[in-house]
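Before any comments, here is the structure.
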Amino acid sequence: MQAKSPKESLIVNTDQVMINDLNNYNTLFGGVLMKKLDNNATLSARRHARVKECVTASTDSIDFLHPIQQSDSVCVESFVSYTGNRSMEIFCKVIAEDMITGERRMAATAFLTFVALDEDKRPVQVPDITPESQEEKFLYESGKERAKTRRVRRQHSKELTEIIGLEKPWEEEGAYDAENVSQS
């Protein structure tokens with residue numbers, strides 16, 4: 000399988016900020032931005048792997064660096080920054096541009112991990128990447144450490160699911176005795 004340039008998986012999507020996308024601070028809801036990131040990253044993963052389906056394995060981090068206002072446009076750029084055997088790390092950057100002044104600022108960065116699936120919904124091998132730009136090389140060289148961190152975090156999550164309960168809080172023994180319930 001031939002390695003690909005990260006540019007081959009580049010997806011760029013620019014939107015305006017609509018009033019129903021705003022929170023009570025009149026800035027873009029984090030959840031709205033997260034959806035945009037996941038949509039963009041999915042397309043980058045599919046473009047890289049050239050498969051019908053890619054699934055989000057994890058959202059490693061989303062760093063909100065600068066609020067996005069209604070007068071801004073939101074540009075999400077994503078591309079494959081690192082690959083494992085069957086997984087792809089997608090780097091996303093969010094650039095907010097004030098449509099009145101033209102000022103551009105880095106509003107957020109994110110790393111998401113995707114797995115490519117075959118027609119039977121089984122993971123398939125993905126092409127490696129050959130970074131070219133300074134940005135791509137930096138992300139690729141630091142990718143192995145992020146992959147290691149993801150494995151440790153995933154193992155911790157598996158251990159956690161073994162000890163946390165699925166019971167409904169109100170059905171736990173003694174959880175809502177009369178003395179534990181506060182009156183409103």
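Numbering that gives the first Met the number 0 puts the first residue of the sequence shown at 0, with every later residue one more than the last. Using N, Cα and C, we set each Cβ at its ideal position, and we do this for glycine too.
I believe residue i touches residue j by the beta-carbon criterion, under 8 Å. Please report the beta-carbon distance rounded to the nearest angstrom.
i	j	result
Ala40	Ile67	Their Cβ separation, rounded to whole angstroms, is 18 Å, which puts Ala40 and Ile67 out of contact at 8 Å.
Glu76	Val11	5 Å
Met105	Leu64	6 Å
Under three-state DSSP, which class holds residue i?
i	result
Arg49	coil
Met0	coil
Arg104	strand
Gln124	coil
Phe110	strand
Ser57	strand
Buried or exposed: where does residue i fall if 16 or more other Cβ atoms within 10 Å of its Cβ makes it buried?
i	result
Glu131	exposed
Met17	exposed
Asp117	exposed
Val79	buried
Gln15	exposed
Leu159	exposed
Ile162	exposed
Would you kindly report the start and end of the unbroken beta strand (DSSP E) that includes residue i?
i	result
Ile94	86–97
Ile10	10–15
Could you tell me the boundaries of the alpha helix (DSSP H) in which residue i lies?
i	result
Val79	Counting along the chain, Val79 falls outside any alpha helix (DSSP H), though it belongs to the beta strand (DSSP E) covering 71–82.
Ile67	Premise fails: Ile67 is in no alpha helix (DSSP H) and is neither H nor E.
Gly164	That residue, Gly164, is in no alpha helix (DSSP H); it is neither H nor E in DSSP.
Just checking: is the beta-carbon of residue i within a distance shorter than 9 Å of some beta-carbon in chain D?
i	result
Ile94	Looking at the structure shown, chain D is missing, and only one protein chain is on hand.
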